[in-house]
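Engineer: So for the sequence shown, my numbering puts the first residue at 32; every next one is plus one. Built from N, CA and C at the ideal position, the CB exists for glycine as well. What follows is a structure written as structure tokens; I'll ask about it next.
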Amino acid sequence: MNLSRITLTWLLGFVVFGLLLHLFSPILLPFVTGLLVAYFLDPVVERLSRAKMNRSLATSLVLVFFFLCFGAGLVLLTPLVEAQLLDLARKLPDVMRVLQERLGSVLVRVSSELSPADLERLKGAVGGFAGDALKLAGGLLASIWSGGIALLNLISLIVITPIVAFYLLRDWDKILTTTKGWLPRQHGETIQALVNEADDMIAGFVRGMGLVCLILAAFYGVTLSLVGLEFGLVIGLFAGLLSFVPFVGAIGGFVVAVGMACAQFGDWQPIAIVAAIFVVGQIGEGNFLTPKLVGHRIQLHPVWIIFALLAGGVLLGFVGVLLAVPLAAVIGVLVRFGVHQYLKSPLYLGASSKPGEDGGP
Numbered sequence: 032m033n034l035s036r037i038t039l040t041w042l043l044g045f046v047v048f049g050l051l052l053h054l055f056s057p058i059l060l061p062f063v064t065g066l067l068v069a070y071f072l073d074p075v076v077e078r079l080s081r082a083k084m085n086r087s088l089a090t091s092l093v094l095v096f097f098f099l100c101f102g103a104g105l106v107l108l109t110p111l112v113e114a115q116l117l118d119l120a121r122k123l124p125d126v127m128r129v130l131q132e133r134l135g136s137v138l139v140r141v142s143s144e145l146s147p148a149d150l151e152r153l154k155g156a157v158g159g160f161a162g163d164a165l166k167l168a169g170g171l172l173a174s175i176w177s178g179g180i181a182l183l184n185l186i187s188l189i190v191i192t193p194i195v196a197f198y199l200l201r202d203w204d205k206i207l208t209t210t211k212g213w214l215p216r217q218h219g220e221t222i223q224a225l226v227n228e229a230d231d232m233i234a235g236f237v238r239g240m241g242l243v244c245l246i247l248a249a250f251y252g253v254t255l256s257l258v259g260l261e262f263g264l265v266i267g268l269f270a271g272l273l274s275f276v277p278f279v280g281a282i283g284g285f286v287v288a289v290g291m292a293c294a295q296f297g298d299w300q301p302i303a304i305v306a307a308i309f310v311v312g313q314i315g316e317g318n319f320l321t322p323k324l325v326g327h328r329i330q331l332h333p334v335w336i337i338f339a340l341l342a343g344g345v346l347l348g349f350v351g352v353l354l355a356v357p358l359a360a361v362i363g364v365l366v367r368f369g370v371h372q373y374l375k376s377p378l379y380l381g382a383s384s385k386p387g388e389d390g391g392p
């Protein structure tokens, strides 16, 4: 089989894989969630297995502890979050009115520096931004509901996810060994190196960024609540959990929290404290959390991550969002490998050139 046929075979395989993902996307959520849970917890099970504990027992203990903690968190936080969301929906018109009045007073101060036409454009831009933000939030909630949190999918999540996670965790080493045995003998080492590189990147995101998001969510939620900001828990949780999307969690949380503070507080000091909380959170994330928990394993450009998340959401809904970064990591590894091979090929070096000549690598 020549190189063109090998390439065509792999491309055909990727196309078929993508079509199957799209075809089965309505039922994939519990399986993808179970896979992510298993991937997240595998290092803990590996440590227990190396300590001579039976793999099945280690898997059972780790999953029971994980789901107990997760369930306890849901039981404690769900009533609080639900109450704040309902209260926010009820008070949102009043909040928008107060913000409009206070922004109006600010606009009056700067109106002397602006022409009437510029002032009208500024008012329209502020109103349009607020409307777009509300539409985006509503669309996101509707997408989550229709793509993953409908009643049937919720039941399947509760029932199927732990089962999938258990069997994947228990048989993880067997799955890896079997898959490694299927690799083409001629290119096995190269493929294994690419798999290891992709695994390192995915681990950095799923495990490292997962912990970073949880820590930031707890920090923002607790500190904003202690300051006395209305809906501080909800704003903080969403700002922290959305931190896996570059800039979205920090900037979105900052804008919403400061806007709520401007509507709630008449004094500038609480507003400054709310803003300072996000500054401290970003300093902590950039200088301590990300270097310690993630390191330099995620070699993905922020723009590529954002594009992958949006594309995954459009193609596969909520399942696509969950799979976006792992698939983006795999594509990134393959693209870098392809570029490296191209730079050593006659197509780049010239038909009569050899690697190492004419400035080639």
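G280 and L264 - do their beta-carbons sit closer together than 8 Å?
Structural biologist: Not a contact, by the Cβ cut-off of 8 Å.
Engineer: Tell me the rounded alpha-carbon separation between I337 and V286.
Structural biologist: The alpha-carbon atoms of I337 and V286 are separated by roughly 19 Å.
Engineer: So I246 is in the alpha helix (DSSP H); what residue range does that whole segment cover?
Structural biologist: Here the alpha helix (DSSP H) through I246 covers 241-258.
Engineer: Does the separation of the CB atoms of A2 and L260 fall below 8 Å?
Structural biologist: The question about residue 2 has no answer here: the residues shown for the chain are numbered 32 through 392.
Engineer: Return the chain-ordered list of same chain residues with a C-beta closer than 7 Å to the C-beta of P277, the five sequence neighbours on each side being excluded.
Structural biologist: Excluding residues within five positions, the ones whose Cβ falls inside 7 Å are P333, I336, I337.
Engineer: Tell me which residues share the same chain as F71 and place their Cβ nearer than 8 Å to its Cβ, disregarding the 5 neighbours each side in the sequence.
Structural biologist: Same-chain partners within the cutoff: V237, R238, G241.
Engineer: Between V226, V243, V352, which has its C-alpha nearest G363's C-alpha?
Structural biologist: Comparing Cα positions, the closest option is V226.
Engineer: Counting pairs of beta carbons, one from the segment 39-46 and one from the segment 60-75, are three or more of them closer than 8 Å?
Structural biologist: No, because fewer than three Cβ pairs between the segment 39-46 and the segment 60-75 fall closer than 8 Å, the two stretches do not touch.
Engineer: At 4 residues or longer, what runs of the alpha helix (DSSP H) sit wholly inside the segment 256-313?
Structural biologist: DSSP runs (the alpha helix (DSSP H)) wholly in the segment 256-313: 263-272, 279-295.
Engineer: Locate the alpha helix (DSSP H) running through R81, then write down its first and last residues.
Structural biologist: It spans 60-81 - the alpha helix (DSSP H) in which R81 sits, taken as one unbroken run.
Engineer: For L347 versus L52, is the C-beta spacing smaller than 8 Å?
Structural biologist: Yes, the Cβ-Cβ distance between L347 and L52 is below 8 Å.
Engineer: For L117, does the count of other Cβ atoms within 10 angstroms reach 16, so buried, or fall short, so exposed?
Structural biologist: Flag for L117 reads exposed.
Engineer: For D125, which three-state DSSP category applies?
Structural biologist: If DSSP states are grouped into helix, strand and coil, D125 belongs with the helices.
Engineer: Which class does Q223 belong to by DSSP, given the choice of helix, strand or coil?
Structural biologist: Of the three classes helix, strand and coil, the one that applies to Q223 here is helix, per DSSP.
Engineer: Can you find at least 3 beta carbon pairs, one from the segment 85-92 and one from the segment 191-204, that sit closer than 8 Å?
Structural biologist: They touch, by the three-pair rule.
Engineer: Could you check whether G283 and L268 sit closer than 8 Å to each other, using their CB atoms as the reference points?
Structural biologist: The answer is no: Cβ separation not under 8 Å.
Engineer: How is I180 classed by DSSP in three states: helix, strand or coil?
Structural biologist: Confidence in I180 is poor, its pLDDT being 49 and thus under 50, which makes the residue's placement unreliable; the coordinate value appears in the next sentence. Reduced to three states, the DSSP call for I180 is coil.
Engineer: How do the segment 208-228 and the segment 358-374 stand: do at least 3 beta-carbon pairs fall below 8 Å, yes or no?
Structural biologist: The segment 208-228, when compared against the segment 358-374, does touch it at the 8 Å Cβ threshold.
Engineer: C244: buried (16+ other C-beta within 10 angstroms of its C-beta) or exposed?
Structural biologist: By the neighbour-count rule (16 or more Cβ atoms within 10 Å), C244 is buried.
Engineer: Hey, L119 and F262 are a contact pair by Cβ (cut 8 Å); roughly how many whole angstroms apart?
Structural biologist: Confirmed, Cβ separation roughly 5 Å.
Engineer: Note the first and the last residue of the continuous alpha helix (DSSP H) segment covering F236.
Structural biologist: Careful: F236 lies outside any alpha helix (DSSP H) and carries neither H nor E.
Engineer: Reducing DSSP to helix, strand and coil, say where Q131 ends up.
Structural biologist: Looking at Q131 - three-state DSSP - the assignment turns out to be helix.
Engineer: In the structure shown, what three-state DSSP assignment does H332 receive?
Structural biologist: Three-state DSSP puts H332 in coil, outside helix and strand.
Engineer: List the endpoints of the continuous alpha helix (DSSP H) containing G381.
Structural biologist: Neither: G381 is in no alpha helix (DSSP H) and is coded neither H nor E.
Engineer: Could you check whether the Cβ of S376 sits closer than 7 Å to any heavy atom belonging to the ligand NAD?
Structural biologist: In terms of ligand content, the structure shown is empty, and the ligand NAD therefore cannot be addressed.
Engineer: Select from A360, K323, K205 the residue whose C-alpha is nearest the C-alpha of A339.
Structural biologist: Of A360, K323, K205, the residue nearest in Cα terms is A360.
Engineer: Rounding to the nearest angstrom, what Cα-Cα distance links L378 and H371 in this structure?
Structural biologist: Spanning the two alpha carbons is a distance of roughly 12 Å.
Engineer: Take the Cβ of R36 as the centre, count every other Cβ of all protein chains shown within 10 Å, and call the residue buried at 16 or more, exposed below.
Structural biologist: Burial call: exposed.
Engineer: Considering only C-alpha positions, which residue in the set P357, P322, V350, N85 is nearest to D202?
Structural biologist: When each option's Cα is compared against that of D202, the closest is N85.
Engineer: Taking Cβ positions, are V352 and G344 nearer each other than 8 Å?
Structural biologist: A contact, by the Cβ cut-off of 8 Å.
Engineer: Which residues in the same chain have their Cβ closer than 8 Å to the Cβ of L358, if we skip the five residues on either side of it in sequence?
Structural biologist: Only A339, G343 meet the Cβ criterion.
Engineer: Check whether the Cβ atoms of V305 and A292 sit closer than 8 Å, and answer yes or no.
Structural biologist: Result yes, Cβ atoms of V305 and A292 sit closer than 8 Å.
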